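Engineer: Below is one structure. I have some questions about it.
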Amino acid sequence: MAAPRSLTVEPERLIIMRGDLETGEQLDSPASKKNLGTRFPLTRWQFGLVFSVFVVFAIGLFCIYRNMPPLEYGQLKLPRSISDLRILKDHLGTYASVHPTKFILGYCSTYIFMQTFMIPGTIFMSLLAGALFGVIKGIFLVVFNSTAGASSCFFLSKLIGRPVVYWLWPGKLKLFQAEVAKRRDKLLNYMLFLRITPTLPNLFINLASPIVDVPYHVFFLATVVGLVPAAYITVRAGLALGDLNSVKDLYDFKTLSVLFLIGFISILPTILKRKRIYE
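FYI, in the UniProt record's numbering the residues of the sequence shown are 1 to 279.
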C-alpha cells in the first residue's frame with residue numbers, strides 16, 4: 001500500500017524552520033521574490049483601514065505604558081539578540097516582582113501588538129516570560145498572548161488580507177488551500193499538525209487561514225493546543241539564558257524530532273481513517 005499522503009513532506013512544503021516562531025519566515029521562493037517587485041496590492045481604503053487599526057492599537061499601548069509605575073524607559077527596547085535579552089531581563093526583574101499585575105498588562109499588550117502586526121521579536125518575548133515568570137506562568141502567558149495575537153491577525157486578514165497573501169505567497173496559498181480542502185473532515189487534526197511542527201510559518205498560517213475558509217473555532221483550538229509544545233521549549237530555555245547563545249539553539253535535531261512526533265500523533269486519526277477506507 002502506498003504511504004499515506006498526510007506523512008509526505010514534499011520539498012516545496014517544508015518551509016524554512018521557524019528559528020524564531022514568528023520572525024524566521026523567509027520569502028525564499030522565486031515566485032515570491034518576483035511578486036515583491038510588483039505594485040503594492042492594497043487599495044487606499046484598505047491601507048487606511050490597516051493604518052487606523054494600527055494607530056488604535058498603538059494609542060492603547062501608549063496609554064497602558066503611561067499609566068504604569070515609573071520606569072527608566074530609556075533602558076527599554078525590544079531585544080534583537082540573546083545578549084539584549086539578558087540585559088532586559090536584569091533590568092526588569094525587580095520591577096516585575098514589585099509591580100507584577102501592571103507589568104504583566106504591559107507585557108501582554110506588547111506581545112499581542114507585535115503578534116497582530118507581525119513585528120519581529122516575539123520569540124524573545126517568549127524567552128523573557130520563562131526568565132521572569134517560570135515554566136507554568138510563562139507557558140500560560142505565551143500561549144495566551146500568541147493565541148490573542150494570532151486571532152487579531154486572523155480577523156485583520158479576513159478583512160483585507162487576501163490581496164496581501166496572494167501577493168506574497170501565491171504558490172504556498174494555492175497549496176495550503178488544496179490541503180485544507182482535502183482535510184475538511186479532520187481539519188482540526190491537520191491544523192494541529194501545522195501548529196506543532198515547523199512545516200509552515202505561524203505568520204503564514206495566521207494570514208492564510210481565513211482566506212482558505214478555515215473556521216475560526218478550528219483555528220482557535222489548533223492555536224491554543226498546538227502552540228503549547230513550542231511554548232514549553234521556549235519558556236524552559238528562558239530559565240537558562242546564560243546557556244543560550246542563539247535562538248537557533250532552541251531547535252536542534254532532537255527538539256524537531258519531538259515536535260514532529262507530537263505532530264504525527266495529532267494526525268494519526270486521519271491516517272487510520274483513510275487506511276480503513278482503502279482496505
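Note that the Cβ used here is the ideal one computed from N, Cα and C, for glycine as well. A quick note: this is a predicted structure, and the numbers were derived from the prediction, not measured.
#1: Hey, Ile196 and Ile262: beta-carbon distance below 9 Å or not?
#2: Enumerate in chain order the residues of its own chain whose CB-to-CB distance from Val164 is below 8 Å, with the five nearest sequence positions on each side excluded.
#3: Could you have a look at Met68 and say whether DSSP puts it in helix, strand or coil?
#4: May I have a chain-ordered list of the beta strand (DSSP E) segments no shorter than 3 residues that lie completely inside the segment 102-160?
#5: Helix or strand or just coil, what does DSSP make of Leu259?
#6: Tell me which same chain residues have a C-beta within less than 8 Å of the C-beta of Val180, skipping the five on either side of it?
#7: Taking C-alpha atoms, which residue in Arg44, Ile59 and Arg86 lies nearest to Leu241?
#8: Once the 5 residues before and after Leu192 are set aside, which same chain residues still bring their CB inside 7 Å of it?
#9: Ser246: buried (16+ other C-beta within 10 angstroms of its C-beta) or exposed?
#10: Per DSSP, what kind of secondary structure is Ala181 in: helix, strand or coil?
#11: Classify Asn67: buried if its beta carbon has 16 or more other beta carbons within 10 angstroms, exposed otherwise.
#12: Between the segment 123-139 and the segment 228-239, do at least 3 Cβ pairs fall closer than 8 Å?
#13: In terms of residues, what are the limits of the alpha helix (DSSP H) holding Tyr95?
#14: Assess, as a yes-or-no matter, whether the segment 96-111 is touched by the segment 140-150 under the definition of 3 or more beta carbon pairs within less than 8 Å.
#15: For Gly238, verify whether its CB is less than 8 Å away from any heavy atom of the ligand ADP.
#16: Tell me, to the nearest whole angstrom, how far the beta carbon of Phe54 is from that of Phe103; I am working on the premise that it is less than 8 Å.
Structural biologist: Based on what the coordinates show:
#1: yes
#2: Pro41, Leu42, Ser157 and Leu207
#3: coil
#4: none
#5: helix
#6: Leu187, Tyr190, Val212, Asp213 and Val214
#7: Arg86
#8: Ala222, Val225, Gly226 and Ser266
#9: exposed
#10: helix
#11: exposed
#12: yes
#13: Ile82 to Val98
#14: yes
#15: This structure lacks the ligand ADP, and indeed carries no ligand of any kind.
#16: In fact, because the Cβ distance is near 24 Å, the residues do not count as touching under 8 Å.
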